[in-house]
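Okay, so here's the structure we're looking at.
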Ligand SMILES: C[S@@+](CC[C@H](N)C(=O)[O-])C[C@H]1O[C@@H](n2cnc3c(N)ncnc32)[C@H](O)[C@@H]1O
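In my numbering, the protein residues as written are 8 to 223.
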């Protein structure tokens, strides 16, 4: 994945199923998308990177956020597609239903959050660089974004490019999203696949350059 994203044909960011995401996510799915050991690896990353007592944004959220149960956060806000799933999520203090593929601008204030997460969902974004750019705006400078993914997905809703790549190239692709968004620093790529798990677990982590990076 050494290509600049602008060199990649736009069709690569289309999905097999281009019907409205509202239709696909209309019914709640009270399931987990990775196994217990992979979820534990996600939780461990959150423990390491997210500031306790901070205000956290769980982007592309559902009925579970995988945050460590013994860590308190000042406020956790979820954004996702299904009202019932989000309403059932015990970690969320507030939530909003918002389609990022229709509007990649986040309905939050500048520097509102101290950390953000995207778990097993980055593959569904059709305008990922725009979303990453706006995510940098809503985080305070230096705040972490923890993006995790495995090797499973809803194939009809994942972008075509994701389906063409292997796991390592997917990690490179997500790193490139952050680089091209232009307001991220200290980007790390981690393989936290648990030996005991059938599901591998990869992470791409960056730190926001903050809203100042918008003032040119
Ligand atoms: C595989 S689920 C993962 C849910 C949760 N993050 C987890 O770890 O279990 C994919 C999530 O992406 C969200 N999502 C998919 N398309 C979206 C879109 N266009 N805008 C916002 N969220 C979206 C859905 O609401 C769904 O909760």
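Here a beta-carbon is modelled for each residue, glycine too, at the ideal position from N, C-alpha and C.
Since the model is a prediction, treat every value here as computed from it, not as a measurement.
Asked                                                                                                      : Found
Distance between residue 56 and residue 151 (C-alpha atoms, nearest Å)                                     : 7 angstroms
C-alpha distance - residue 223 paired with residue 170, whole-angstrom precision                           : Note that residue 223 scores a pLDDT of 44, beneath 50, so its modelled location is shaky; the value from the coordinates is reported in the next line. Each residue's Cα considered, the two are about 37 angstroms apart.
Residue 39: CB within 7 angstroms of a non-hydrogen atom of ligand 1                                       : yes
Inter-stretch contact at 8 angstroms, needing at least 3 Cβ pairs: the region 105-119 / the region 163-183 : no
Residues sharing a beta bridge with residue 103, DSSP                                                      : 86
Reduced DSSP category for residue 223 - H, G, I as helix; E, B as strand; rest coil                        : Note that residue 223 has pLDDT 44, beneath the 50 cutoff, so the model's placement of it is unreliable and no number is given.
Burial state of residue 189, where buried means 16 or more other Cβ atoms lie within 10 Å                  : exposed
DSSP-derived helix/strand/coil call for residue 115                                                        : coil
Residues bridged to residue 214 [DSSP beta-bridge criterion]                                               : 151, 192
Selected residue, minimal CA-CA separation from residue 44, among 157, 95, 136, 96                         : 157
Exposed unless 16 or more other CB atoms sit within 10 angstroms - verdict on residue 30                   : exposed
Enclosing beta strand (DSSP E) for residue 64 [first to last residue]                                      : 62-66
For residue 206, the nearest candidate out of 159, 185, 166, 218 (CA to CA)                                : 159
The region 48-68 touching the region 116-135, judged by at least three CB pairs closer than 8 angstroms    : yes
8 angstroms contact criterion, which residue 74 and residue 84 should meet: CB distance rounded            : Not confirmed; about 12 angstroms, so no contact.
heavy atom of ligand 1 below 7 angstroms from residue 92 C-beta                                            : yes
Pick from 64, 162, 26, 80 that is closest to residue 139, judged by C-alpha positions                      : 64
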